[in-house]
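Residue numbers (the working numbering), protein chains in the order written: chain A, 1 to 287; chain B, 1001 to 1287.
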């Protein structure tokens, strides 16, 4: 039932925030209150539904550990993480995506050309390209932090007894012409963790937990805004139904079947191999 | 930045819910997605603000224990609990308010007229009235579950070494004319728990944590919808700024100073005493 009481309740809560010292916090909480109340007014949850929601949020918090962030996962599967990430991204240059939960250890410093696949995955490949400023100028000394799952869909931190620490990770510095290249194996699609409340949510909504195959990058260079992004393997399963909604068309890259013995020799990979080539474009910091 | 990507993201998330088996769950999650995304679009949180929000929600979940529900408290201080409660309440009869976090043990069965103040609070009082059906018919045998803080603002479960279990609690059965009466002490305002994330939120927003003095009731009778409510002590501090927004005008009751030796004798209280008199009105279950 809507009463005079409920009509005035939202403004009473917003008004209670009037002494908030930080004006931005006041703005955020007032907007949160209005949107939360609008959600409740629209859906009119029963007391039992409200209790279920409280129980779900509680379980989500209690599933978090030092190495697991279930609330980030919830934000991811509701598209909120990608919305926040994209709102904060630059208008030009390489598009951004979520950091994701597996950038939790430092990537080992590696030489250009090194193989980040320390265990020998099924499909060797070469990833190469340039780091450029928005106007096309190469950015020598740009730093690329790279991390990916293996060809079974697991990160090193998920399989400490199978993968050596640092497998699938590397910190590279672009050469004097802004070029980078490294070897790896073609990554696989993998499921986000489903043994917690977010997994229950996916099952209840008939959604699969998979992410299409991708490699993570953070590219940074002096005088430029860093970009956190992925490249996705063209043709991967689940490209049109990423569990965390992170796929942007511009980030889908061909991992081209390449039959070129001399290039293979140059990169130090068996021929034929797969080769992903793309540039990462950063925006100058606005002064 | 708003892009074509963000424009389509909300509908992509809503569309991902299309295979949800339970249509009500689908409705709730689709509305939640739309309202959450609208909040993000309006406020454009930075990545740091988003991380702070994730951290706050995580800490809120991790503060919950078997005897503490910090997410209910968060819902309370944002007015969400009262909104849900009021939406689910009946249009007629005694107005409802939140259950609150202290109805966690069974109230001991007591005879009409018993004193629920087992330790002797400062201001003895009598609470009396009738339980009526909506048309004014008394409801003999109606059951009243009553609980309150002592005159220092603490419930028995908060002070197990000071208050005997069941102090401030009673389960009463109305007499053949629907009447109830019991003795107690006038309750005090008290603060909600402030040593968790919700306390941090109140401090950051310059809000006090107090609830005005009140006594909780759940009234139930055969053939009627139970009501969960409070009565508030007229003149109490914080009536206009209850930390959980639960005060409704109709529930504020005079605890009248009464100088009547014969009535005092009848109730078994020292003269003068304070006396709250009101009726609780239940709605017949609709058939």
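Just so you know, even glycine gets a beta-carbon here, dropped at the ideal spot from N, CA and C.
Quick one: measure Cβ to Cβ for residue i and residue j, integer angstroms, because I've assumed they're closer than 8 Å.
| i | j | result |
| --- | --- | --- |
| residue 60/A | residue 197/A | 5 Å |
| residue 78/A | residue 1033/B | 6 Å |
| residue 1210/B | residue 1230/B | About 14 Å separates the two Cβ atoms, so there is no contact after all. |
| residue 189/A | residue 213/A | 5 Å |
| residue 183/A | residue 117/A | 7 Å |
| residue 1125/B | residue 1273/B | 6 Å |
| residue 73/A | residue 215/A | Their Cβ separation, rounded to whole angstroms, is 20 Å, which puts residue 73/A and residue 215/A out of contact at 8 Å. |
| residue 180/A | residue 263/A | The Cβ separation is near 16 Å, so there is no contact. |
| residue 1233/B | residue 1267/B | Not quite, the Cβ-Cβ distance comes to about 18 Å (not below 8 Å), so this is no contact. |
| residue 1028/B | residue 245/A | Contact doesn't hold; Cβ gap of about 19 Å is too wide. |
| residue 1276/B | residue 1131/B | With 8 Å as the limit, residue 1276/B and residue 1131/B do not qualify as a contact, their Cβ atoms being about 15 Å apart. |
| residue 91/A | residue 248/A | At roughly 14 Å, the Cβ-Cβ gap does not stay under 8 Å, so residue 91/A and residue 248/A are not in contact. |
| residue 278/A | residue 129/A | 5 Å |
| residue 156/A | residue 169/A | 7 Å |
| residue 62/A | residue 1062/B | 6 Å |
What does DSSP give as the partner residue(s) for residue i in the beta ladder?
| i | result |
| --- | --- |
| residue 218/A | 145/A and 228/A |
| residue 1280/B | 1131/B |
| residue 171/A | 109/A and 145/A |
| residue 1071/B | None; residue 1071/B has no bridge partner. |
| residue 256/A | 275/A |
| residue 102/A | Answer is none; residue 102/A lacks a bridge partner. |
| residue 211/A | 190/A |
| residue 1179/B | 1130/B |
| residue 115/A | 183/A |
| residue 1060/B | According to DSSP, residue 1060/B bridges with nothing at all. |
| residue 1065/B | 1068/B |
| residue 233/A | 253/A |
| residue 1124/B | 1185/B |
| residue 138/A | 132/A |
Could you check which residue in the options has the C-alpha nearest to that of residue i?
| i | options | result |
| --- | --- | --- |
| residue 1253/B | 1241/B, 1271/B, 1186/B and 1269/B | 1186/B |
| residue 1106/B | 1165/B, 1062/B and 1207/B | 1165/B |
| residue 64/A | 1058/B, 1148/B and 1178/B | 1058/B |
| residue 1283/B | 1191/B, 1134/B and 1276/B | 1134/B |
| residue 1148/B | 1115/B, 1136/B and 1263/B | 1115/B |
| residue 313/A | 6/A, 24/A and 122/A | Nothing can be reported for residue 313/A, as the shown portion of chain A is limited to 1 through 287. |
| residue 1015/B | 250/A, 110/A and 243/A | 243/A |
| residue 1227/B | 241/A, 47/A and 53/A | 47/A |
| residue 1071/B | 56/A, 159/A and 241/A | 56/A |
| residue 1259/B | 1250/B, 1251/B and 1269/B | 1269/B |
| residue 167/A | 194/A, 108/A, 137/A and 224/A | 108/A |
| residue 1025/B | 200/A, 23/A and 36/A | 200/A |
| residue 224/A | 261/A, 276/A and 280/A | 280/A |
| residue 1119/B | 1163/B, 1053/B and 1054/B | 1163/B |
| residue 1093/B | 1067/B, 1241/B and 1251/B | 1251/B |
| residue 13/A | 1219/B, 1202/B and 1091/B | 1202/B |
| residue 1036/B | 51/A, 4/A, 153/A and 76/A | 76/A |
| residue 1158/B | 1097/B, 1067/B, 1088/B and 1053/B | 1067/B |
| residue 1031/B | 1080/B, 1011/B, 1110/B and 1240/B | 1011/B |
| residue 1050/B | 194/A, 23/A, 88/A and 38/A | 88/A |
| residue 69/A | 178/A, 23/A and 195/A | 195/A |
| residue 1097/B | 1038/B, 1219/B and 1045/B | 1219/B |
| residue 1153/B | 1236/B, 1271/B, 1240/B and 1080/B | 1236/B |
Quiz item: How do the stretch 1132-1144 of chain B and the stretch 1173-1185 of chain B stand: do at least 3 beta-carbon pairs fall below 8 Å, yes or no?
Solution: Verdict: yes, contact present.
Quiz prompt | chain B contacts from the stretch 243-271 of chain A (Cβ-Cβ distance under 9 Å) | solution = Residues of the stretch 243-271 of chain A whose Cβ lies closer than 9 Å to any Cβ of chain B, in chain order: 243, 245, 248 and 249.
Quiz prompt | Residues of the stretch 1046-1057 of chain B whose Cβ lies closer than 8 Å to any Cβ of chain A, in chain order | solution = Answer in chain order: 1046, 1047, 1049, 1050, 1054 and 1057.
Quiz item: Any residues in the stretch 1086-1099 of chain B with a beta carbon nearer than 8 Å to a beta carbon of chain A? Which ones, in chain order?
Solution: Contact residues of the stretch 1086-1099 of chain B toward chain A are 1086, 1087, 1088, 1089, 1090, 1091 and 1095 (C-beta to C-beta distance below 8 Å).
Quiz item: Counting pairs of Cβ atoms below 8 Å between the stretch 1102-1112 of chain B and the stretch 1070-1086 of chain B, do you hit three or more?
Solution: The stretch 1102-1112 of chain B makes no contact with the stretch 1070-1086 of chain B: fewer than 3 CB pairs, one atom from each, lie closer than 8 Å.
Quiz item: Closer than 9 Å, Cβ to any Cβ of chain A: which residues of the stretch 1062-1084 of chain B, in chain order?
Solution: Those residues of the stretch 1062-1084 of chain B placed with their C-beta closer than 9 Å to a C-beta in chain A are 1062, 1063, 1064, 1069, 1070, 1071, 1072, 1074, 1075, 1077, 1078, 1079, 1080, 1081, 1082, 1083 and 1084, ordered along the chain.
Quiz item: Between the stretch 1201-1210 of chain B and the stretch 17-31 of chain A, are three or more C-beta pairs nearer than 8 Å?
Solution: Yes: the two stretches touch, three or more of their Cβ pairs being nearer than 8 Å.
Quiz item: If contact means a Cβ-Cβ distance below 7 Å, which residues of the stretch 1203-1228 of chain B contact chain A?
Solution: Those residues of the stretch 1203-1228 of chain B that come within reach of chain A (Cβ to Cβ, closer than 7 Å) are 1204, 1205, 1206 and 1207.
Quiz prompt | Residues in the stretch 19-43 of chain A having any Cβ partner in chain B nearer than 9 Å | solution = Flagged, chain order: 19, 20, 21, 22, 24, 25, 26, 27, 28, 29, 31, 32, 33, 34, 35, 36, 37, 38, 39, 40, 41, 42 and 43.
Self-check item: Interface residues of the stretch 1006-1017 of chain B facing chain A [CB-CB below 8 Å]
Solution: Answer in chain order: 1006, 1009, 1010, 1012, 1013, 1016 and 1017.
Self-check item: chain B contacts made by the stretch 183-205 of chain A, where a contact means CB separation under 7 Å
Solution: Among the residues of the stretch 183-205 of chain A, those with a Cβ less than 7 Å away from any Cβ of chain B are 204 and 205, in the order of the chain.
Exercise. Could you name the residues of the stretch 1110-1141 of chain B whose beta carbon sits closer than 7 Å to any beta carbon of chain A, in the order they occur along the chain?
Key: Answer in chain order: no residues at all.
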